[in-house]
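Colleague: If you're matching them up, the sequences are chains S and F in order.
Start counting the first sequence at 54; every next residue gets the next number (my numbering).
Start counting the second sequence at 54; every next residue gets the next number (my numbering).
2 protein chains.
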Amino acid sequence: MSSLSRRVKIVEVGPRDGLQNETEPISTKAKFAFIQALAESGLQEIEATSFVHPKAIPQLADADTLASRLEKIPGVIFSALVPNQKGLERALQAGIKKIAVFTAASETFNQKNIRMSIETSLKEFEKVVTQALKAKLTVRGYISTAFVCPYEGDIPREKVLDVAEALLQIGVEEVSLGDTIGAASPRDVQETVGFILKKIPAHKLALHFHDTYGTALANTYAAMELGISTFDTSAGGLGGCPYALGAAGNLGTEDLVYMLNRMRVETGVNLHKIFQASSLVSAELKRDLQSRQWQRLKAQSADDNPSAVNRKSLFKEEP
Amino acid sequence: MSSLSRRVKIVEVGPRDGLQNETEPISTKAKFAFIQALAESGLQEIEATSFVHPKAIPQLADADTLASRLEKIPGVIFSALVPNQKGLERALQAGIKKIAVFTAASETFNQKNIRMSIETSLKEFEKVVTQALKAKLTVRGYISTAFVCPYEGDIPREKVLDVAEALLQIGVEEVSLGDTIGAASPRDVQETVGFILKKIPAHKLALHFHDTYGTALANTYAAMELGISTFDTSAGGLGGCPYALGAAGNLGTEDLVYMLNRMRVETGVNLHKIFQASSLVSAELKRDLQSRQWQRLKAQSADDNPSAVNRKSLFKEEP
Numbered sequence: 054m055s056s057l058s059r060r061v062k063i064v065e066v067g068p069r070d071g072l073q074n075e076t077e078p079i080s081t082k083a084k085f086a087f088i089q090a091l092a093e094s095g096l097q098e099i100e101a102t103s104f105v106h107p108k109a110i111p112q113l114a115d116a117d118t119l120a121s122r123l124e125k126i127p128g129v130i131f132s133a134l135v136p137n138q139k140g141l142e143r144a145l146q147a148g149i150k151k152i153a154v155f156t157a158a159s160e161t162f163n164q165k166n167i168r169m170s171i172e173t174s175l176k177e178f179e180k181v182v183t184q185a186l187k188a189k190l191t192v193r194g195y196i197s198t199a200f201v202c203p204y205e206g207d208i209p210r211e212k213v214l215d216v217a218e219a220l221l222q223i224g225v226e227e228v229s230l231g232d233t234i235g236a237a238s239p240r241d242v243q244e245t246v247g248f249i250l251k252k253i254p255a256h257k258l259a260l261h262f263h264d265t266y267g268t269a270l271a272n273t274y275a276a277m278e279l280g281i282s283t284f285d286t287s288a289g290g291l292g293g294c295p296y297a298l299g300a301a302g303n304l305g306t307e308d309l310v311y312m313l314n315r316m317r318v319e320t321g322v323n324l325h326k327i328f329q330a331s332s333l334v335s336a337e338l339k340r341d342l343q344s345r346q347w348q349r350l351k352a353q354s355a356d357d358n359p360s361a362v363n364r365k366s367l368f369k370e371e372p
Numbered sequence: 054m055s056s057l058s059r060r061v062k063i064v065e066v067g068p069r070d071g072l073q074n075e076t077e078p079i080s081t082k083a084k085f086a087f088i089q090a091l092a093e094s095g096l097q098e099i100e101a102t103s104f105v106h107p108k109a110i111p112q113l114a115d116a117d118t119l120a121s122r123l124e125k126i127p128g129v130i131f132s133a134l135v136p137n138q139k140g141l142e143r144a145l146q147a148g149i150k151k152i153a154v155f156t157a158a159s160e161t162f163n164q165k166n167i168r169m170s171i172e173t174s175l176k177e178f179e180k181v182v183t184q185a186l187k188a189k190l191t192v193r194g195y196i197s198t199a200f201v202c203p204y205e206g207d208i209p210r211e212k213v214l215d216v217a218e219a220l221l222q223i224g225v226e227e228v229s230l231g232d233t234i235g236a237a238s239p240r241d242v243q244e245t246v247g248f249i250l251k252k253i254p255a256h257k258l259a260l261h262f263h264d265t266y267g268t269a270l271a272n273t274y275a276a277m278e279l280g281i282s283t284f285d286t287s288a289g290g291l292g293g294c295p296y297a298l299g300a301a302g303n304l305g306t307e308d309l310v311y312m313l314n315r316m317r318v319e320t321g322v323n324l325h326k327i328f329q330a331s332s333l334v335s336a337e338l339k340r341d342l343q344s345r346q347w348q349r350l351k352a353q354s355a356d357d358n359p360s361a362v363n364r365k366s367l368f369k370e371e372p
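1) Please report the distance separating the alpha-carbon of threonine 245 of chain S from that of leucine 134 of chain S.
2) Grouping DSSP H, G and I as helix and E and B as strand, with all else coil, what is histidine 106 of chain F?
3) Considering only residues of the same chain and omitting the five flanking positions on each side of glutamate 205 of chain F, which have a CB-CB separation below 6 angstroms?
4) Kindly identify the DSSP beta-bridge partner or partners of asparagine 303 of chain F.
5) Would you mind sorting aspartate 285 of chain S into buried or exposed? The rule is 16 or more other CB atoms within 10 Å of its CB.
6) Excluding the five sequence neighbours on either side, which residues of its own chain have a C-beta within less than 6 angstroms of the C-beta of leucine 220 of chain F, listed in chain order?
7) Quick check: the Cα distance between tyrosine 266 of chain F and arginine 349 of chain S, rounded to an integer number of angstroms?
8) For a cutoff of 8 angstroms on Cβ pairs, would you count threonine 286 of chain F as touching chain S?
9) If you follow the beta strand (DSSP E) that valine 216 of chain S is part of, which residue opens it and which one closes it?
10) Could you give the distance in angstroms between the alpha-carbon of alanine 116 of chain S and the alpha-carbon of serine 103 of chain S?
11) Under 6 angstroms Cβ to Cβ from proline 136 of chain F, same chain only, skipping five residues before and after it: list those, please.
12) Assess, as a yes-or-no matter, whether the region 321-341 of chain F is touched by the region 245-264 of chain S under the definition of 3 or more beta carbon pairs within less than 8 angstroms.
13) Check whether the Cβ atoms of threonine 191 of chain F and lysine 139 of chain F sit closer than 8 angstroms, and answer yes or no.
14) If the criterion is Cβ atoms closer than 8 angstroms, does the pair methionine 277 of chain S and serine 238 of chain F meet it?
15) Establish whether the CB of asparagine 363 of chain F and some CB of chain S are separated by less than 8 angstroms.
16) When DSSP builds the beta bridges, which residues end up paired with serine 287 of chain F?
17) Just verifying my parser: in three-state terms, what is the DSSP assignment at glutamate 389 of chain F?
18) Could you confirm whether any beta carbon from chain F is found closer than 8 angstroms to the beta carbon of serine 360 of chain S?
19) Measuring alpha carbon to alpha carbon, tell me which residue in S:Leu96, S:Phe87, S:Gln97 is nearest arginine 122 of chain S.
20) Which of the three DSSP states, helix, strand or coil, is assigned to valine 135 of chain F?
21) Is it the case that the Cβ atoms of glycine 289 of chain S and glycine 95 of chain S are separated by a distance below 8 angstroms?
22) Evaluate lysine 252 of chain S with the Cβ neighbour count: other Cβ atoms within 10 Å of its Cβ, from every protein chain shown; 16 or more gives buried, anything less gives exposed.
23) What are the residues in the region 255-285 of chain S lying within 9 angstroms of chain F by C-beta distance?
24) Grab me the residues of glycine 292 of chain F's own chain with a C-beta within less than 7 angstroms of its C-beta, minus the 5 sequence neighbours each way, in chain order.
25) Can you tell me which of F:Ile171, F:Phe178, F:Ala199, F:Lys108 puts its alpha carbon nearest to the alpha carbon of valine 154 of chain F?
26) Starting from the C-beta of alanine 271 of chain S, find all residues in its chain whose C-beta is less than 8 angstroms away, skip the five residues before and the five after it, and write them out in chain order.
27) Would proline 359 of chain F be called buried (16 or more neighbouring beta carbons within 10 Å of its own) or exposed?
28) Which residue marks the beginning of the beta strand (DSSP E) containing glutamate 227 of chain F, and which one marks its end?
29) Does the distance from the C-beta atom of lysine 326 of chain S to that of alanine 90 of chain S stay below 8 angstroms?
30) For the alpha helix (DSSP H) holding serine 331 of chain F, just list the boundary residues, first then last.
31) Between the C-alpha atoms of aspartate 232 of chain F and phenylalanine 200 of chain F, what's the straight-line distance to the nearest angstrom?
32) Helix, strand or coil, according to DSSP, for arginine 59 of chain S in the structure here?
33) So with Cβ pairs under 8 angstroms, would you call glutamine 346 of chain S a contact of chain F?
34) Let me see if you follow: with CB-CB separation under 8 angstroms, is glycine 292 of chain S close to chain F or not?
Shown next, in the form of structure tokens:
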């Protein structure tokens with residue numbers, strides 16, 4: 054275990070990546086309460102919203118209002134997705150200090166997702182990133198389908214490295230590699246991330262796993278063994294997956310925090326407070342959430358039987 | 054990846070460990086259909102039932118009838134749990150060729166589970182194992198709570214090694230280490246299994262993970278890195294967990310098969326046939342099952358929208 058980082062940084066993406074995949078929008082007030090509860094859990098960074106066109110993602114159409122209220126919550130970096138210069142202007146207007154631009158490692162996916170080739174998207178983002186850096190913002194770059202694409206199948210690791218290097222070259226400070234359809238295995242992580250690490254240092258990379266096929270924690274562990282220490286997760290596993298209806302979405306923040314607690318890897322994040330935050334969204338959406346921990350904690354809190362073993366348990370679930 | 058085994062043996066425990074944790078018993082006929090469907094998936098070994106006293110586990114009270122019908126299914130090793138000499142007699146009578154005895158690494162758990170100290174249980178099982186070996190049966194030994202106990206918390210790895218060595222000494226041929234409440238992390242696996250492997254070769258060990266806390270596949274991967282190549286799983290993740298109501302049970306067979314397929318590790322097991330087998334039980338129990346793959350495949354098969362991406366996907370889910 055000596056090669057594993059003693060501390061992992063969790064980037065909470067539930068308010069953006071989670072809520073944008075929910076069919077029904079929830080109110081700005083509920084989103085703010087969710088983000089406030091997340092901030093109280095000890096999270097250092099929360100991706101709060103996206104400045105895409107309101108018609109593209111109606112669920113996040115309140116980005117300007119929501120983002121401008123976030124300055125009331127101290128001590129947390131709030132970031133937002135920015136698709137173009139118009140989006141950057143809105144983000145600056147709302148007082149956002151960190152933005153994320155996004156492309157893909159699969160041409161077909163990028164065309165379908167943002168109607169541009171990867172090359173064109175990088176050119177467009179170059180202007181956005183330059184302007185953002187001038188305004189003293191921090192910039193993250195997402196690479197979707199970094200392992201598997203629903204249209205193209207397996208993505209060559211050389212292609213992922215090319216896109217990652219291109220993003221760093223236009224000024225992006227951290228690249229987040231996304232397993233968009235959640236289909237990767239620890240072997241994919243070893244092969245692709247291991248290859249990229251020959252050229253890009255670990256501290257410039259984050260991993261963004263989805264749990265559609267149940268492999269997200271195994272992939273996280275494989276990435277930690279390679280020296281990665283930043284992971285994107287979503288409270289409650291919010292998000293679903295548009296390419297596999299009804300299936301699980303992002304890796305649940307609770308699930309990662311539990312595993313890391315047990316591994317004595319620090320996150321600074323309180324598991325029960327994340328559960329409380331995601332439970333607010335569960336109540337708004339009127340549905341159960343999908344992270345294993347959310348379901349377990351909900352079952353436990355609903356269990357009124359005083360003879361249940363877990364009431365007398367000496368097993369400490371948190372450090 | 055060179056250290057990982059190219060082939061993993063899956064021991065299917067759904068009919069026993071899965072169904073014994075279901076509140077409602079299902080009919081012998083339905084169980085037989087389930088086992089037959091499992092056998093068609095390519096599984097080499099299936100733990101079919103348990104010869105405990107029918108009053109102790111009414112769900113498996115049909116052990117004698119069920120087991121005696123299994124000879125109709127060729128090419129699969131069918132095993133059964135045997136708690137004592139009476140159980141062994143019943144197993145022999147029914148034509149069972151492999152039995153499993155069971156103790157724990159936690160004194161408190163063993164007392165509550167089978168009302169004996171670990172030492173007494175080993176003495177009792179010594180007679181059973183000797184007799185079973187004389188009758189040319191194969192014998193597996195389970196160690197429950199090999200990592201964490203709901204009553205005692207973390208279990209010292211020295212204790213687990215002691216019990217494993219004692220089981221081997223009384224003639225058990227394979228020891229299955231169980232994470233009974235599903236609370237272990239890859240670090241626990243490295244520390245406990247790594248320690249045991251200094252004294253016991255990998256081919257004498259199996260790992261039996263539950264997915265209550267979502268860590269089962271991560272733990273499996275950590276165990277594979279240590280050279281373990283036998284894993285117990287349950288179709289559909291059947292089983293629940295009596296110590297965390299409503300939470301996930303055994304690691305789902307579908308989930309493990311998917312991950313191993315993606316890692317190019319052979320299992321000989323067909324994922325969709327496992328899904329078909331567990332769907333039979335889902336229909337009997339009138340509830341959804343909990344493995345990630347079961348839920349994903351169910352959502353996919355329920356999706357009648359011809360424009361859904363997964364219909365056109367070039368991503369091959371099976372080799």
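Note that CB positions come from ideal geometry on N, CA and C, so glycine has one too.
Modeller: Taking the coordinates as given:
1) Computed Cα separation, rounded: 25 angstroms.
2) Looking at histidine 106 of chain F - three-state DSSP - the assignment turns out to be coil, as it is neither helix nor strand.
3) Answer for glutamate 205 of chain F: Ser159, Thr161, listed in chain order.
4) For asparagine 303 of chain F, which the question treats as bridged, DSSP gives the partners F:His263.
5) Flag for aspartate 285 of chain S reads buried.
6) Same-chain partners within the cutoff: Gly194, Val228.
7) So the two alpha carbons sit approximately 7 angstroms from each other.
8) The beta carbon of threonine 286 of chain F sits no closer than 8 angstroms to any beta carbon of chain S.
9) For valine 216 of chain S, there is no enclosing beta strand (DSSP E); the residue is found in the alpha helix (DSSP H) stretching over 210-222.
10) Rounded to whole angstroms, the separation of the alpha carbons of serine 103 of chain S and alanine 116 of chain S is 6 angstroms.
11) Here the set comprises Val105.
12) Result no; under three Cβ-Cβ pairs closer than 8 angstroms.
13) Contact: no.
14) The criterion of a C-beta distance shorter than 8 angstroms is not satisfied by methionine 277 of chain S and serine 238 of chain F.
15) Confidence at asparagine 363 of chain F is low in this model, with a pLDDT of 46, below 50, so its placement is unreliable and the value that follows should be read with caution. Closer than 8 angstroms to some Cβ of chain S, the Cβ of asparagine 363 of chain F qualifies, so yes.
16) Looking at the DSSP assignment, serine 287 of chain F forms a beta bridge with F:Gly305.
17) Because residue 389 of chain F is not part of the residues shown, which for chain F are 54 to 372, the question remains open.
18) In this prediction, serine 360 of chain S scores a pLDDT of 41, lower than 50, which makes its location untrustworthy; no coordinate-derived value is stated.
19) Out of S:Leu96, S:Phe87, S:Gln97, S:Phe87 has the C-alpha closest to the C-alpha of arginine 122 of chain S.
20) DSSP places valine 135 of chain F in coil when its eight states are reduced to three.
21) Contact check for glycine 289 of chain S against glycine 95 of chain S fails: the beta carbons are separated by 8 angstroms or more.
22) Exposed, since its Cβ has fewer than 16 Cβ neighbours within 10 Å.
23) Residues Asp264, Thr265, Tyr266, Gly267, Thr268, Ala269, Leu270, Ala271, Asn272, Thr273, Tyr274, Ala275, Met277, Glu278.
24) Counting only Cβ-Cβ distances below 7 angstroms, and skipping sequence neighbours, we find Asp70, Gly71, Asn74, Gly302, Asn303.
25) With distances taken between Cα atoms, valine 154 of chain F lies closest to F:Phe178.
26) Closer than 8 angstroms at the Cβ level, and outside the excluded window around alanine 271 of chain S, lie Ser238, Pro239.
27) Its pLDDT being 42, under 50, proline 359 of chain F is placed unreliably by the model, and the measurement read from it follows with that caveat. Proline 359 of chain F comes out exposed.
28) In this chain, the beta strand (DSSP E) harbouring glutamate 227 of chain F covers 227-232.
29) Yes, the Cβ-Cβ distance between lysine 326 of chain S and alanine 90 of chain S is below 8 angstroms.
30) Per DSSP, serine 331 of chain F belongs to the alpha helix (DSSP H) from 324-338.
31) Spanning the alpha carbons of aspartate 232 of chain F and phenylalanine 200 of chain F requires a straight line of approximately 6 angstroms.
32) Residue state, collapsed to three classes: coil.
33) Chain F has a Cβ within less than 8 angstroms of the Cβ of glutamine 346 of chain S.
34) Not closer than 8 angstroms to any Cβ of chain F, the Cβ of glycine 292 of chain S fails to qualify, so no.
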